[in-house]
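Using my numbering, the first residue of the sequence shown is number 3, and each one after it goes up by one. The beta-carbon is built from N, C-alpha and C at its ideal position, and this holds for glycine as well. Here the structure is a predicted model, which means the values were calculated and not measured.
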Amino acid sequence: MLRLNGLKMFSLCAISLLMLSGCFTDTAEQDEQQGINPEFLSSSGQKADPNYVVAFPNDHQSHNAFDIEWWYLTANLKGDDGQDYALQWTLFRFAQQGQENPWYKGQSYMAHASLHGPQQHWFEERFAPGGLGTSGVSTDKGPIRLYMDDWLWQGLSPEGALFPAQLQSAISNSESSVEIKLNLEQSGPFILQGDKGYSIKSFQGKHASHYYSLPFIDVSGALQLPSGEVKVTGKAWYDHEWTSTLLDTTTLGWDWMSLHFDNGDKLMAFRMRLDDQEDYQTGTYISASGESISLGPKDIELIVLESFEVDNRELPLTWQVVIPDKNIDIKVKAVKKAAYNPSIFGYYEGAVEISGNRSGVGFLELTGY
């Protein structure tokens with residue numbers, strides 16, 4: 003496993019990641035202080051195309067012509083010890099302009115794994131250049147694999163389908179470690195976000211991505227905690243997104259939530275924060291049967307109700323979500339405040355509970371604060 007500390011090569015990723023946290027710099031002096039060589043980072047990758055047709059299983063793979071891409075899983079789990087657990091597992095890919103050599107092959111990778119218990123938080127991040135074979139997305143003409151070292155998403159279909167799959171990771175923090183072994187079963191359809199997978203993120207339309215989700219995942223498996231093994235079951239949400247325009251210098255950050263309602267319906271809600279135009283709010287409402295409706299800025303309201311200080315920053319952790327056409331007026335509240343991932347760029351990623359005229363669970367992500 004290759005880690006950030008002491009390795010300037012991985013500061014090539016940092017310039018993209020700093021954009022996420024709203025502190026992107028374009029001055030040579032600041033770049034030099036970060037140990038960043040900006041000429042190596044791609045900033046002119048392929049743009050999302052509204053006419054592109056997303057197709058499976060091919061689009062589960064990597065799209066190397068785009069600047070940044072992520073494969074993202076969040077899961078709300080219930081343990082046989084009566085406790086709730088929240089899991090995040092993510093693989094990121096970054097294009098590296100000018101690094102077409104055996105070490106990089108034009109790409110680098112970062113992986114995050116996080117597990118929350120009622121009081122505990124385990125989080126770890128890993129890095130690797132794309133040419134070593136220690137990380138990436140591969141089918142090898144068989145089952146799909148998403149991996150970073152011994153962190154592995156192993157598809158079980160020989161045709162390259164993403165599900166069913168097994169997920170395994172070992173996460174260490176400064177005090178202890180946990181092992182995660184989960185089975186992932188698809189129980190509903192993939193959802194193409196936006197307009198058939200072309201997702202616009204701003205009023206000007208210059209921020210866009212290809213984006214699809216699977217909100218219908220049944221989870222079972224076990225967590226090996228310091229206190230012993232806990233068997234878990236639950237619901238998960240998977241996102242796959244690739245873009246070359248989402249993280250430009252006008253991006254301040256975003257707020258994202260994925261919600262599982264107790265009646266089987268699902269909701270993705272998103273707010274893009276930009277410094278040159280007003281916030282852009284979008285979403286997708288998904289019925290229990292898998293029918294989806296794209297929600298534009300006039301269809302959904304995301305209202306911050308309460309903010310709290312977490313790791314020396316103010317984070318909006320309680321929200322009101324209103325969708326008039328669906329008669330939805332709900333409160334989305336973070337289960338715990340201490341769910342900040344202390345990564346190369348810090349961001350909040352934690353479980354939420356839903357109240358109001360719907361109930362359920364989900365996840366909240368906050369970047370750029």
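* Asked: Measuring CB to CB, does Gly362 end up less than 7 Å from Asp241?
  -> no
* Does the Cβ of Cys25 have 16 or more other Cβ atoms within 10 Å, making it buried, or fewer, making it exposed? -> Any answer about Cys25 is weak, because its pLDDT of 33 lies below 50 and its placement is not dependable; what the coordinates show is given next. Exposed: under 16 other Cβ atoms inside 10 Å.
* Asked: Mind checking Ile288: buried by the 16 CB within 10 Å criterion, or exposed?
  -> buried
* Asked: Does DSSP put Lys328 in a helix, in a strand, or in coil?
  -> helix
* To do: Using beta-carbon positions only, say whether Tyr214 and Gly190 come within less than 7 Å of one another.
  => no
* Kindly identify the DSSP beta-bridge partner or partners of Ala238. => Ala77 and Ile219
* Going by the CB atoms, is the gap between Gln48 and Ser246 shorter than 7 Å? -> yes
* Is the distance from the Cβ of Trp73 to the Cβ of Leu148 below 7 Å? -> yes
* To do: Would you tell me roughly how many angstroms separate the C-alpha atoms of His262 and Ala77, rounded to the nearest one?
  => 10 Å
* Does DSSP classify His62 as helix, strand or coil? -> helix
* List the residues that DSSP assigns as beta-bridge partners of Lys224. => Note that residue 224 is Ala in the sequence shown here, rather than Lys. DSSP output for Ala224 lists Lys183 and Lys233 as bridge partner(s).
* Given Pro52, which residues of its chain have a CB within under 6 Å of its CB, disregarding the five upstream and five downstream residues? -> Tyr200
* Asked: What's the call for Val306, buried or exposed, on a 16-neighbour Cβ count within 10 Å?
  -> exposed
* To do: Could you tell me which of Leu134, Trp124 and Lys203 sits nearest to Leu227, measuring between CA atoms?
  => Trp124
* Asked: Do you know how far the Cα of Trp244 is from the Cα of Gln279?
  -> 23 Å
* Asked: Asn343 by DSSP, collapsed to three states: which one?
  -> strand
* Asked: Buried or exposed: where does Ser110 fall if 16 or more other Cβ atoms within 10 Å of its Cβ makes it buried?
  -> buried
* Asked: How big is the Cα-Cα spacing for Met150 and Glu231?
  -> 24 Å
* Do Gly292 and Ala271 have their CB atoms nearer than 7 Å? -> no
* Asked: At which residues does the beta strand (DSSP E) containing Asp86 begin and terminate?
  -> Asp86 to Ala97
* Asked: Which residue's Cα is closest to the Cα of Lys268: Ala88, Leu216 and Gly236?
  -> Leu216
* Asked: Does the separation of the CB atoms of Pro59 and Gly162 fall below 7 Å?
  -> yes
* Kindly indicate the opening and closing residues of the beta strand (DSSP E) around Leu276. => Lys268 to Leu276
* Asked: DSSP state of Pro131, grouped into three classes?
  -> strand
* Asked: Of the choices Ser137, Ala353 and Glu126, whose alpha-carbon is the least far from that of Ser179?
  -> Glu126
* **Among Tyr87, Phe218 and Gln122, the one whose alpha carbon lies nearest that of Pro166** => Phe218
* Using three-state DSSP, classify Trp244 as helix, strand or coil. => strand
* **6 Å Cβ shell around Phe94 - same chain, five flanking residues per side excluded** => Trp72 and Met112
* To do: Look at the alpha carbon of Thr136 and the alpha carbon of Asp152, and state the distance between them as a whole number of angstroms.
  => 9 Å
* Buried or exposed: which applies to Phe365, given that a residue is buried once 16 or more other Cβ atoms fall within 10 Å of its Cβ? -> buried
* **Cβ pair Met259, Val334 closer than 7 Å** => yes
* To do: Please state whether DSSP places Ser309 in a helix, a strand or coil.
  => strand
* Rounded to a whole number of angstroms, what is the C-alpha to C-alpha distance between Ala353 and Asp142? -> 35 Å
* To do: Spatial neighbours of Asn359 within its chain, please: CB distance less than 6 Å, with the 5 preceding and 5 following residues excluded, ordered by chain position.
  => Asp331
* Asked: If you run the structure through DSSP and keep just helix, strand and coil, what is His209?
  -> coil
* Span separating the alpha-carbon of Leu249 from that of Gly119 -> 32 Å
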